[in-house]
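Quick notes on the structure that follows.
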Amino acid sequence: MEFFDFHHHKKYIRNGIYNLAKEIPPDFPYSIGIHPNDIDVHNLEQQFSWMKSMMFQNCFAIGECGLDSLVSVDQKIQEEVFLRQIMIANEVKKPIIIHCVRKFYEVISFRKKSGQPMIIHGFNKKRQIAEDLLAHNFYLSFGKAVLYNLSLQDILKKTPLDKFFLETDNEDFNIEELYEKVSEIKGISLEQLNEQILENLETIKNG
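What follows is the structure, given as structure tokens:
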């Protein structure tokens, strides 16, 4: 059985969404966006031109994009760049993969601007934040921390089956381990879990 890796940085994993860097897009699903840490205030238009020029047939999503309180780029500029990417996603009708560090309520405030599904990747925060995100119709994508973080396991247990994804991000481990753990947490078979994730993918793909 193949397991879908919602967000990863490893080349040549066909059954997943590869976060594109500067190279030529692969012939399997990928996402493309301007990460808060990569914003170049002096060359923003070139960055957006590059991004738009790389949106080929296999572009599945816009991202990673979002807000990060730890990077040096001014918050207002981060918000402008994030909003522009939301507008692009609306235009091309693709879901948005969001990077967020200590700015969850600011990200929530942008939800009303988006006509497309929004997915918080690498979710690893407290239950209240998870509940608030879910209440605003965000999806949550969980990674390696689920294997050992008991409070995160509890959050995942209470997250509706149709509102989450699983990912390796840039961690070096086998996604199958994560699927096995989550099937145990949710009390469903690996086959059921795999089918559900694929259903969720179809849902966000179709807006």
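Heads up, the sequence shown is in my numbering, so the first residue is 8 and it goes up one at a time.
C-beta: ideal position from N, C-alpha, C; glycine also.
How would you write the range of the beta strand (DSSP E) that N26 sits in, first residue to last? Here residue 26 refers to the residue found at position 19 of the sequence shown. Counting along the chain, the beta strand (DSSP E) containing N26 begins and ends at G23 to N26.
Would you call the CB atoms of L141 and F117 closer than 8 Å? For the purposes of this step, residue 141 is taken as residue 134 along the sequence shown, with counting starting at 1. For the purposes of this step, residue 117 is taken as residue 110 along the sequence shown, with counting starting at 1. Contact: no.
Mind checking who D12 pairs with in its DSSP beta bridge? Taking the sequence shown and counting its residues from 1, one reaches residue 12 at position 5. As a beta-bridge residue in DSSP terms, D12 pairs with G23.
Within the continuous alpha helix (DSSP H) that includes M61, where are the two ends? Position 54 of the sequence shown holds residue 61. Annotation for M61: no alpha helix (DSSP H) segment contains it, and DSSP assigns it neither H nor E.
Terminal residues of the continuous alpha helix (DSSP H) containing I182? Position 175 of the sequence shown, counted from the first residue, corresponds to residue 182. Note, I182: alpha helix (DSSP H), I182 to K193.
Through-space distance from F55 to V99, alpha-carbon basis: Counted from its first residue, the sequence shown places residue 99 at position 92. Counted from its first residue, the sequence shown places residue 55 at position 48. When the Cα atoms are used, V99 and F55 turn out to be separated by approximately 14 Å.
Runs of 4 residues minimum, wholly inside the stretch 82-108: which ones carry the alpha helix (DSSP H) assignment? The stretch 82-108 contains these whole alpha helix (DSSP H) runs: 82-99.
If we call anything under 8 Å between Cβ atoms a contact, is R21 one with F10? As a first step, residue 21 must be located in the sequence shown, where it is residue number 14. As a first step, residue 10 must be located in the sequence shown, where it is residue number 3. Result no, Cβ atoms of R21 and F10 do not sit closer than 8 Å.
Which of helix, strand or coil DSSP assigns to E198: As a working mapping, residue 198 is identified with position 191 in the sequence shown. Helix, per DSSP.
Do the stretch 190-203 and the stretch 14-31 meet, that is, are 3 or more Cβ pairs less than 8 Å apart? No, because fewer than three Cβ pairs between the stretch 190-203 and the stretch 14-31 fall closer than 8 Å, the two stretches do not touch.
Using the Cβ count rule (16 or more neighbours within 10 Å means buried), how would you classify K120? Along the sequence shown, read from residue 1 onward, the residue named residue 120 stands at position 113. The residue in question, K120, is exposed, as its Cβ has fewer than 16 Cβ neighbours within 10 Å.
Same chain, Cβ closer than 8 Å to N65, neighbours up to 5 away in sequence not counted: As a working mapping, residue 65 is identified with position 58 in the sequence shown. P32, P33, D34, F35, P36 and Y37, listed in sequence order.
From N201 to H49, what distance separates their C-alpha atoms? Taking the sequence shown and counting its residues from 1, the one referred to as residue 201 is at position 194. Taking the sequence shown and counting its residues from 1, the one referred to as residue 49 is at position 42. Computed Cα separation, rounded: 44 Å.
S60 versus I136: straight-line alpha-carbon distance, rounded: Within the sequence shown, the letter at position 53 stands for residue 60. Within the sequence shown, the letter at position 129 stands for residue 136. S60 and I136: Cα-Cα distance of roughly 35 Å.
What whole-angstrom Cβ distance do G73 and P43 have, given they're in contact under 8 Å? Translated into positions along the sequence shown, residue 73 becomes position 66. Translated into positions along the sequence shown, residue 43 becomes position 36. About 6 Å separates the two Cβ atoms, so the contact holds.
Under the three-state reduction of DSSP, which class applies to Y112: helix, strand or coil? Taking the first residue of the sequence shown as position 1, residue 112 is located at position 105. Taken through DSSP and simplified to helix, strand or coil, Y112 comes out as helix.
Between R134 and I162, what straight-line distance do the alpha-carbon atoms span, to the nearest angstrom? Here residue 134 is taken as the residue at index 127 of the sequence shown, counted from 1. Here residue 162 is taken as the residue at index 155 of the sequence shown, counted from 1. The straight-line gap separating the alpha-carbon atoms of R134 and I162 is approximately 6 Å.
For E172, is the classification buried or exposed, using 16 other Cβ atoms within 10 angstroms of its Cβ as the cut-off for buried? As a first step, residue 172 must be located in the sequence shown, where it is residue number 165. Checking the sequence, you will find Phe at residue 172 rather than Glu. Burial is judged here by how many other beta carbons sit within 10 angstroms of a residue's own beta carbon; F172 has at least 16 and is buried.
Within the continuous beta strand (DSSP E) that includes L147, where are the two ends? Position 140 of the sequence shown holds residue 147. Its beta strand (DSSP E) spans residues Y146 to F149.
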